[in-house]
Structures are given as structure tokens and as C-alpha cells.
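Student:
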Amino acid sequence: MVEKYRKIQWTEHSKIKMRQYGLSQTKLINLIHKPERKEQGIVPGTKAVMKTNKSYSNNKLKLVVKKPYQNVKKSPGEVWLMYKDVKDERRVISAWRYPGVTKPGEEIPIPKEILQELMEIEF
Numbered sequence: 734m735v736e737k738y739r740k741i742q743w744t745e746h747s748k749i750k751m752r753q754y755g756l757s758q759t760k761l762i763n764l765i766h767k768p769e770r771k772e773q774g775i776v777p778g779t780k781a782v783m784k785t786n787k788s789y790s791n792n793k794l795k796l797v798v799k800k801p802y803q804n805v806k807k808s809p810g811e812v813w814l815m816y817k818d819v820k821d822e823r824r825v826i827s828a829w830r831y832p833g834v835t836k837p838g839e840e841i842p843i844p845k846e847i848l849q850e851l852m853e854i855e856f
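Count along the sequence shown from 1, then add 733; that gives the number in the numbering used here.
1) Tell me the residue span of the beta strand (DSSP E) that contains serine 827.
2) Do you know how far the Cα of glutamine 742 is from the Cα of valine 797?
3) Taking C-beta to C-beta, are isoleucine 765 and arginine 823 nearer than 9 Å?
4) Please report the residue range of the beta strand (DSSP E) in which leucine 756 lies.
5) Please list, in chain order, all residues of the same chain as lysine 871 whose beta carbon is under 7 Å from its beta carbon, the five residues on each side excluded.
6) Which residues in the same chain as leucine 761 place their Cβ atom closer than 6 Å to its Cβ, once the five residues preceding and following it in sequence are excluded?
7) Is the Cβ-Cβ distance between proline 837 and arginine 752 less than 9 Å?
8) Please go through the same chain and pick out, in chain order, the residues whose beta-carbon is closer than 8 Å to the beta-carbon of isoleucine 847, but skip the five residues on each side of it.
9) Report the residue from Thr785, Lys787, Leu851, Val812 whose alpha carbon sits nearest the alpha carbon of glutamine 758.
10) Where does the unbroken alpha helix (DSSP H) through isoleucine 847 begin, and where does it stop?
11) Considering only residues of the same chain and omitting the five flanking positions on each side of aspartate 821, which have a CB-CB separation below 7 Å?
12) Relative to the C-alpha of glutamate 840, which residue among Val782, Ile854, Glu853, Lys787 is closest?
13) Which partner residues does valine 819 have in the DSSP bridge list?
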């Protein structure tokens with residue numbers, strides 16, 4: 734079954750968190766369309782989607798001159814996004830990086846300060 738297209742609306746809270754965690758709109762839109770896992774959101778009526786940070790290495794490629802950015806590895810963890818479908822739009826409420834790895838079905842790991850902010854916002 735194909736979902737109908739929904740216009741994505743970004744809340745001010747989500748824009749602040751995108752800047753804080755270094756997340757781009759493109760990365761989050763891809764996360765909405767191709768999540769690794771879907772869960773029920775903490776706020777009633779919301780959904781949360783997650784994707785793990787994957788680190789790739791290419792041992793075949795060896796360069797003679799090493800640049801400082803070549804040895805940078807992505808830290809293990811997950812990127813989470815919480816949204817709510819309202820009529821014909823999909824409202825992105827919050828996005829965050831979680832440094833650990835969660836198991837499916839566990840409570841969604843939201844930092845305490847974000848959880849407090851979410852409870853104060855009306856959607």
C-alpha cells in the first residue's frame with residue numbers, strides 16, 4: 734500500500750534541534766521515508782522513526798598521503814525523529830541523536846531536556 738504524499742512542516746523546536754545535533758533536512762526526510770525502525774512516540778498520537786549511524790571502511794583504498802579527515806569515523810549511535818500526521822501534512826516535532834544502541838520495543842531514548850520541552854509545546 735502506497736502512502737499518499739504529505740507536505741512536511743518543521744516546528745521551531747525541530748529546527749533548533751537540527752542545528753544542535755547537526756542534522757540536515759535531507760537526512761531527516763530520508764529517515765521519514767526509509768526508517769530502519771518505527772515506534773510509537775512518547776507524546777500521544779505521534780510516531781518515532783530511527784536509523785543507526787553506519788560506519789563504512791574501505792581497506793582496499795590506501796593513499797600515500799594521509800589527510801587529517803581520512804581517519805574520522807562516525808560514532809556509533811542512532812538518529813531519531815518524532816512526527817505527527819495532521820490532515821494533509823506531516824509535522825516534524827523533534828529530532829535528536831542518541832549515542833547508544835536501543836533494542837526494538839524499548840522506551841524511546843529522549844534526553845531529559847528535550848522531553849521537558851516537548852511536554853510544554855502544543856502540537
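Every residue gets a Cβ at the ideal spot worked out from N, C-alpha and C, and that includes glycine.
Tutor: Straight from the coordinates:
1) 822 to 831
2) Note that valine 797 has pLDDT 49, beneath the 50 cutoff, so the model's placement of it is unreliable and the number below is only indicative. Whole-angstrom Cα-Cα distance: 47 Å.
3) yes
4) Neither: leucine 756 is in no beta strand (DSSP E) and is coded neither H nor E.
5) A query on residue 871 cannot be resolved here, the shown segment of the chain reaching from 734 to 856 and no further.
6) Leu814, Ala828
7) no
8) Lys750, Ser827, Trp829
9) Closest by C-alpha distance to glutamine 758, out of Thr785, Lys787, Leu851, Val812, is Val812.
10) 845 to 853
11) Arg739, Lys740
12) Val782
13) Glu822
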